[in-house]
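Participant:
In full-length UniProt numbering, the protein residues as written are 1 to 366.
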């Protein structure tokens, strides 16, 4: 396998011949030209060079002028330029680097130094190309995800609306079938919501800025959203925190609400019927701990690490396995820790611990 494709530009024929043979012995594909004009033509004709080794001082087009023309076509790491210079005068080197050169080496070059610089620049070039390809794949994947999600969400919403309209005229004996249709449509919408949420969170590398967020306010809103689903299953929701306090963390309120929504929603979905889900805010060792306890099947100790990985679902009902992965990503963005443990009397407790503060709400006078 070739080490790379090099264009050597050197007006001295003996030096040019020496360099071409030197690179060939080291496993490179090499093309040599003796003028700046030829170099520009070859770069324009052939897009397969990995690096240009370019003499600075040449008759006609100088190396600096050739580099400037190359940079009109290629950014620095799409086609690296390594300058050759007989005298490493600071002003000459500065002009070459200002023209877009990546590096320089003094003639006659030491072989080990020459090849170390060449290989390093080619590695950087290939890393940049791979990164650009990955970014394009990610953009394509995101466009595809959004398209598929939209095409699923619209008919599922229509089914849910139609089922609600039909409920009035359906005989009592058939209503359970209608309820099944509604449950299936809601489940599809939940999957789409979780899917889009996870894709959005995965795009984020870091939070640009955080604002003070009272987790108790978000938690009350989230529980209200799941109240009807819980009641239909005979599930009660118990609050385990002092509502007269502010449970403040720094972060993004929309992402934090999504984190809570996933954990509360999971508890409602997977706890056994006619049981209790407990939502808690606690202060532990100077940190704010949000936890949700259910009375479901629990999580085996061997599954507690991988359950937060993407596309891992332990439920018999299936699902994409993205909800808890989203929780972990949002926690990471907020510098928080996540975990799961056994609940007293059976079930599981999912928790997230944040850096935060707990203080009395002065308006309540408590």
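Using N, Cα and C, we set each Cβ at its ideal position, and we do this for glycine too.
Give every residue of the same chain whose Cβ lies closer than 6 Å to the Cβ of residue 213, excluding the five residues on either side of it in the sequence, and list them in chain order.
Facilitator: 249, 251, 253 and 256
Participant: Tell me the rounded alpha-carbon separation between residue 82 and residue 155.
Facilitator: Cα to Cα, the separation comes out at about 58 Å.
Participant: Closer than 6 Å: is that where the CB of residue 66 sits relative to any heavy atom of the ligand MG?
Facilitator: Inclusion of the ligand MG in the displayed structure is not the case, the ligand content being empty and no account of it being possible.
Participant: Using only CA atoms, which one of 26, 78, 142 and 279 lies nearest to residue 43?
Facilitator: Restricting attention to 26, 78, 142 and 279, the CA atom closest to the CA of residue 43 is found in 78.
Participant: Between 231, 295, 328 and 215, which has its C-alpha nearest residue 359's C-alpha?
Facilitator: Among 231, 295, 328 and 215, the Cα nearest to that of residue 359 belongs to 215.
Participant: Report, in whole angstroms, the separation of the C-beta atoms of residue 96 and residue 122, which I expect to be a contact under 8 Å.
Facilitator: About 19 Å; that fails the 8 Å criterion.
Participant: Taking its Cβ as the centre, do 16 or more other Cβ atoms sit within 10 Å of residue 285, making it buried, or is it exposed?
Facilitator: exposed
Participant: Below 8 Å on the Cβ atoms is my contact criterion, and I expect residue 263 with residue 327 to pass it. Report the Cβ-Cβ distance as a whole number of Å.
Facilitator: 6 Å
Participant: Using DSSP bridges, identify the partner residues of residue 239.
Facilitator: 279
Participant: Determine the burial state of residue 131: buried for a count of at least 16 other Cβ atoms within 10 Å of its Cβ, exposed for fewer.
Facilitator: That one is exposed.
Participant: Give me the Cβ distance between residue 238 and residue 294, rounded to the nearest whole Å; I'm assuming they're in contact under 8 Å.
Facilitator: With a Cβ gap of about 11 Å, residue 238 and residue 294 do not count as contacting.
Participant: Determine the DSSP secondary structure at residue 368, reduced to helix, strand or coil.
Facilitator: Since the first residue shown for the chain is 1 and the last is 366, residue 368 is missing from the structure and cannot be characterised.
Participant: Alpha carbon to alpha carbon, what distance is there between residue 309 and residue 102?
Facilitator: 41 Å
Participant: Decide if residue 80 is buried, meaning its Cβ has at least 16 other Cβ atoms within 10 Å, or exposed.
Facilitator: buried
Participant: Could you check where the alpha helix (DSSP H) with residue 331 kicks off and where it finishes?
Facilitator: 323-333
Participant: When burial is assigned at 16 or more other CB atoms within 10 Å of the CB, is residue 302 buried or exposed?
Facilitator: exposed
Participant: If you draw a straight line from the C-alpha of residue 241 to the C-alpha of residue 158, how long is it?
Facilitator: When rounded, the distance between both Cα atoms is 39 Å.
Participant: State the CB to CB distance for the pair residue 341 and residue 287, rounded to an integer number of angstroms; the pair is presumed to be in contact (CB under 8 Å).
Facilitator: Not really, about 16 Å apart at Cβ, beyond 8 Å.
Participant: For residue 330 and residue 259, I'd like the C-alpha separation in whole angstroms.
Facilitator: 7 Å
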